[in-house]
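Take a look at the structure below.
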Amino acid sequence: MASNWEEFYSSQPKPAGLEDSERLLNNFCIKHFAGDTKVVLVTSGGTTVPLEHNTVRFVDNFSAGTRGSVSAEFFLKQGYAVIFMYRLKSLQPFSRHFTGQKFLDMLELTETKDKTSITVTSKNISKIAEVVQGYKAALKDGKLLELSFTTIAEYLWLLRSACQALAFLKESCILYLAAAVSDFYIPADEMSVHKISSSKPQTISFQLVPKILAPLVSLWVPNAFVVSFKLETDKDLLIAKARDALDKYKHKLVIANMLQNRKQQVTLVTQKSSCVINLTEEQLESGEEIEKYIVENVVENHKSFIANCKKGI
Ligand code: PAZ
34 MASNWEEFYS SQPKPAGLED SERLLNNFCI KHFAGDTKVV LVTSGGTTVP
84 LEHNTVRFVD NFSAGTRGSV SAEFFLKQGY AVIFMYRLKS LQPFSRHFTG
134 QKFLDMLELT ETKDKTSITV TSKNISKIAE VVQGYKAALK DGKLLELSFT
184 TIAEYLWLLR SACQALAFLK ESCILYLAAA VSDFYIPADE MSVHKISSSK
234 PQTISFQLVP KILAPLVSLW VPNAFVVSFK LETDKDLLIA KARDALDKYK
284 HKLVIANMLQ NRKQQVTLVT QKSSCVINLT EEQLESGEEI EKYIVENVVE
334 NHKSFIANCK KGI
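When the letters of the sequence shown are read in order and numbered with the numbering used here, they come out as residues 34 to 346.
Encoded structure:
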């Protein structure tokens with residue numbers, strides 16, 4: 034009998050353009066393997082659950098893609114090549130510094146009778162220069178590959194293709210699964226083709242999305258360093274749920290966070306230990322980002338993991 038994840042892939046059509054993404058993924062992994070550069074796959078943002086094939090309405094979640102996009106920048110700083118798999122229109126590394134009003138506030142407008150000029154305000158120049166340098170360096174070295182998804186099905190197809198491309202890198206790759214992935218979906222053959230009529234109330238039934246960490250860890254990338262994230266809103270459940278995930282899927286690390294204070298505190302949970310990272314109010318006010326410390330910690334754990342693999346432990 035097919036498992037529920039196999040059923041998912043056989044019932045949800047392959048997204049258009051997947052072959053192109055697979056080509057990019059394979060080339061990226063081969064190039065960085067040849068250059069002896071470690072690779073991390075960062076997933077980021079939420080997924081939508083369409084209610085109609087010709088989608089007018091969908092179910093979505095809160096994720097802005099902050100965790101993923103900030104972490105991707107810190108992995109690049111640590112020398113990793115980054116596959117950034119993100120929800121279309123969520124935050125991306127580097128460009129995230131210039132979204133919305135933040136960007137306009139960095140500019141100064143000078144108007145005279147015959148000339149209008151726009152410049153960066155002096156207090157923002159060094160910050161922008163640092164971001165642009167990071168971006169240009171990542172481009173020049175070909176160290177950042179960005180691939181987008183929107184729906185839960187697109188996410189799961191792309192994730193499997195990314196794993197297939199990464200598998201041969203074995204312990205030298207990290208999967209850092211920060212995306213907030215829907216737990217429910219409507220199977221393609223149960224979904225309305227056209228916009229659901231509003232002439233009467235509707236009851237919509239959702240199926241459970243397969244727990245993709247199971248095949249990912251045991252079959253697709255069995256030698257990789259897999260890091261998953263666990264989000265809860267009830268603090269009494271958080272660490273127990275993170276431990277359950279480790280027991281069930283046997284991967285290396287769960288990063289547990291609460292919706293309410295996820296930018297200030299996370300707990301890194303392994304089979305043997307747990308470690309809290311907490312930013313002080315002063316650190317937050319000065320613009321420090323918790324992802325810097327998360328990524329440093331993950332990179333240290335990854336180094337020990339590689340060393341143990343080499344020793345055959
Ligand atoms: O994208 P964001 O920065 O707004 O939120 C990040 C996050 C809370 C989605 C991430 O840290 C996380 O916990 N992802 C996994 C969610 C889950 O499926 O439990």
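For each residue, glycine too, the CB sits at the ideal point set by N, CA and C. Values in this document were obtained by computation on a predicted structure and should not be read as measured data.
Counting the other Cβ atoms within 10 Å of the Cβ of R100 gives 16 or more, which makes it buried. Collapsing the DSSP output to three states places L292 in coil. Going by C-alpha positions, S215 is about 15 Å away from Q45. For E39, the enclosing alpha helix (DSSP H) stretches over residues 37–44.
Scanning its chain for C-beta atoms nearer than 8 Å, with the 5 sequence neighbours on each side dropped, one finds around M291 the residues L264, E265, T266, K268, L271, Q298, in chain order. Relative to ligand 1, T99 has its C-beta within less than 6 Å of a heavy atom. According to DSSP, T149 shares a beta bridge with E144. Secondary structure note for N157: its alpha helix (DSSP H) is the uninterrupted segment 155–173. The beta carbon of K47 sits closer than 7 Å to those of W190, all from its chain and outside the five residues before and after it, given in chain order. DSSP links Q298 through a beta bridge to N311. Your pair A278 and K176 does not check out as a contact, with CB atoms roughly 30 Å apart and the cut at 8 Å.
Look at R120 here: in three-state DSSP terms it is strand. Residue range 323–344 is occupied by the alpha helix (DSSP H) that includes V331.
When the Cα atoms are used, I310 and D138 turn out to be separated by approximately 31 Å.
Only residues of its own chain outside the window of five on either side were considered, and among them I151 have a CB closer than 6 Å to the CB of L142, listed in chain order. When DSSP states are grouped into helix, strand and coil, G133 belongs to the helix group. Beta-bridge pairing by DSSP links F262 to I288. Relative to ligand 1, the beta carbon of R129 is positioned no closer than 6 Å to any heavy atom. The three-state reading of DSSP puts I245 in coil, since its state is none of H, G, I, E or B. Take the alpha-carbon of I116 and the one of A195: they are about 9 Å apart. G101 sits in a helix when the DSSP states are folded into three classes. If you draw a straight line from the Cα of A35 to the Cα of Y218, it is about 19 Å long.
One thing to note: E204 has its Cβ no nearer than 7 Å to the Cβ of I288. The three-state secondary structure of A257, taken from DSSP, is coil.
A distance of 7 Å or more separates the beta carbons of K283 and F258.
Note: E179 is bridge-paired with F117 in the DSSP secondary-structure output.
One alpha carbon belongs to Q125, the other to Q304, and they sit about 31 Å apart. In terms of Cα proximity to P248, the closest of E315, E322, L192 is L192. Of all C-beta pairs linking the stretch 198–213 to the stretch 70–83, three or more are shorter than 8 Å, placing the two stretches in contact. Under the three-state reduction of DSSP, V250 is assigned to helix.
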